[in-house]
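Everything below concerns the one structure shown next.
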Amino acid sequence: MAFWSSTSVFTSKVPRKILFMFTLSLSVTYLFYSLMSCYNSLQFPLQENYGYPGRLVTDETTFVTLREKLYSTSFQGHTAEEGLADEGRLAPGKTTTIPDPEDVETEQRTEEWIRTDLSSSPTRSSAFADRTGAAEKEHQDFSPTDSDLRVNCTTSDYGEKKLPQAIIIGVKKGGTRALLEALRVHPDVRAVGNEPHFFDRNYEKGLDWYRDLMPSTLEGQITMEKTPSYFVTNHAPKRIHTMARDIKLIIVVRNPVTRAISDYTQTLSKKPEIPTFEVLAFKNRTLGLIDASWSALRIGIYALHLESWMQYFPLSQMHFVSGERLIVDPAGEMAKVQDFLGLKRIVTDKHFYFNKTKGFPCLKKPEDSSTPRCLGKSKGRTHPRIDPDNFEWELGEAAAAAAPRSSQD
């Protein structure tokens with residue numbers, strides 16, 4: 012009887028020991044993962060602000076140090092020849108391109124330039140690579156949705172959302188996208204990627220809606236946006252003046268005939284069946300009468316549109332960028348723009364190299380990337396053969412005739 016009693020006690024203790032060991036192992040496992048989670052949060056506290064879904068830090072002094080680091084920039088300081096050599100080592104099609112938002116007035120997402128060194132951590136570099144390269148869906152004949160605009164802001168979780176202190180207001184096919192992308196390299200510039208079209212299409216949504224689209228900025232940073240159609244929108248000057256009468260306006264201009272040909276080429280790529288440039292440009296080819304009402308030509312009558320802006324803003328608040336100089340001397344034009352905006356000359360010739368294939372400058376690769384960044388395929392299209400001399404004189408005459416009438420409208 013005693014034997015069976017002791018056997019019963021032994022068998023009842025076995026399941027209890029197994030249960031205890033199982034519970035202990037679960038506890039140890041949970042403790043291990045908790046410790047690992049705490050370690051990761053301490054190791055990568057700033058990653059969420061630069062494309063990595065990490066945890067946040069609240070120490071304000073961290074950003075003082077961060078702002079100082081931004082001024083060093085993460086671009087490699089090699090020469091233009093080295094940049095071209097880098098390009099030569101790339102396989103065909105490996106150059107990273109920036110989509111063109113002006114293509115049939117669509118906007119695709121462009122990721123913000125990396126402003127800190129992520130190359131030191133393979134984990135961070137791969138995480139960022141997984142998140143970049145996503146483009147906004149194309150849209151035609153309507154503005155981007157609110158969610159599209161907000162996603163493209165690439166906002167920081169720190170700072171404050173403000174209305175823009177500077178706007179690139181034009182002109183279409185002048186080089187506005189190239190200018191904006193170069194400006195976004197500057198650590199003190201925060202810009203919306205998509206064109207908000209607030210002052211021409213979305214004004215009824217109100218300033219709170221507009222402000223909410225802007226990226227958050229720290230003290231000393233400038234908020235910017237770009238919408239080239241503002242320049243030719245009659246009510247845009249008054250609306251912008253009502254928002255901020257001391258705002259700075261940037262206009263990228265180029266030869267009006269070259270601009271019109273570029274505009275036509277863009278449309279032709281989408282609608283191959285349209286008439287020739289000459290047919291659309293002339294009312295009477297024999298008499299040499301051009302059709303100044305055709306939008307491709309009318310946009311280039313700069314005096315006509317500029318008069319509306321000068322009713323509300325002095326020339327001291329406007330800066331004109333040469334689209335031609337932006338191609339042959341991007342650093343020189345960027346120096347003038349940075350001076351106009353009151354910024355340190357951070358963006359210099361070390362950030363550019365000339366892409367022989369595309370025929371215009373590209374931004375050199377950041378240290379986190381293996382490829383340089385160029386504008387999309389809609390830039391550098393081959394233009395149809397058109398003699399600009401056939402239009403320049405007539406377009407000048409149309410501008411002279413149209414400008415006086417604009418004051419009576």
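Reading the sequence shown from the start, the letters are residues 12 to 420 in my numbering. Glycine included, each C-beta is placed from N, C-alpha and C at the ideal position.
Bridge partners - residue i, DSSP secondary structure assignment
i      : result
ALA177 : MET235, LYS259
HIS330 : ILE261
LYS172 : SER227
TYR364 : CYS373
Coil, strand or helix - residue i by DSSP
i      : result
ILE301 : strand
THR121 : Caution is warranted here: a pLDDT of 31 is assigned to THR121, below 50, making its placement in the model unreliable, and the coordinate value is therefore given only provisionally. Looking at THR121 - three-state DSSP - the assignment turns out to be coil, as it is neither helix nor strand.
PHE371 : strand
TYR214 : helix
THR244 : coil
ARG270 : helix
ARG201 : strand
THR127 : Its pLDDT being 31, under 50, THR127 is placed unreliably in this model, and the coordinates cannot settle the point.
MET225 : coil
PHE31  : helix
SER154 : Its pLDDT being 44, under 50, SER154 is placed unreliably in this model, and the coordinates cannot settle the point.
PHE209 : coil
PHE293 : strand
SER137 : At SER137, the pLDDT of 40 sits below 50, so the modelled position is not reliable; the number obtained from the coordinates is stated separately. Helix, per DSSP.
Buried or exposed (CB count within 10 angstroms, at least 16 for buried), residue i
i      : result
ALA314 : exposed
ALA228 : The amino acid occupying residue 228 in the given sequence is Thr; Ala does not appear at that position. So THR228 ends up on the buried side.
MET32  : exposed
GLN322 : exposed
ASP257 : exposed
ASN295 : exposed
LEU37  : exposed
ILE183 : Note on residue identity: the sequence assigns Lys, not Ile, to residue 183. With 16 or more other Cβ atoms within 10 Å, it is buried.
THR269 : buried
LEU224 : buried
ILE262 : buried
ARG195 : buried
GLU265 : Looking at the sequence provided, one finds Arg at residue 265 rather than Glu. Burial call: buried.
HIS246 : exposed
VAL332 : buried
GLU192 : buried
GLU215 : exposed
ALA255 : exposed
PRO372 : buried
HIS197 : buried
PRO341 : buried
SER389 : Confidence is the limiting factor: at SER389 the pLDDT is only 49, short of 50, which leaves the residue's position unreliable and the question unanswerable from this model.
PRO283 : exposed
GLU230 : exposed
C-beta atoms of residue i and residue j nearer than 8 angstroms
i      : j      : result
TYR241 : ASP211 : yes
LEU260 : GLN328 : yes
LEU374 : LEU190 : no
PRO248 : TRP320 : yes
GLY334 : GLY186 : yes
LEU326 : ASP199 : no
ALA208 : PHE324 : Contrary to the premise, residue 208 reads as His rather than Ala in this sequence. No, they are not a contact pair.
PRO226 : ARG201 : yes
PHE288 : ILE301 : no
LYS281 : ARG222 : no
LYS367 : CYS385 : no
HIS316 : VAL203 : no
ILE285 : THR278 : yes
C-beta neighbour in chain D for residue i, strict 8 angstroms
i      : result
ALA342 : Reference to chain D is not applicable here, since this structure consists of a single protein chain.
beta-carbon residue i near the ligand PLP non-hydrogen atom, thresh 7 angstroms
i      : result
GLY170 : Absence of the ligand PLP from the depicted structure is noted, as is the absence of any ligand whatsoever, leaving it without description.
>> Does the segment 300-312 come into contact with the segment 338-355, if we say contact requires no fewer than three beta-carbon pairs (one atom in each stretch) closer than 8 angstroms?
In response: Output reads no: the segment 338-355 does not touch the segment 300-312.
>> Can you confirm whether the segment 175-186 touches the segment 236-250 when touching is taken to mean that 3 or more C-beta pairs between the two stretches lie within less than 8 angstroms?
In response: Verdict: yes, contact present.
>> Would the segment 356-372 count as touching the segment 333-348 if we require 3 or more Cβ pairs under 8 angstroms?
In response: Touching, yes.
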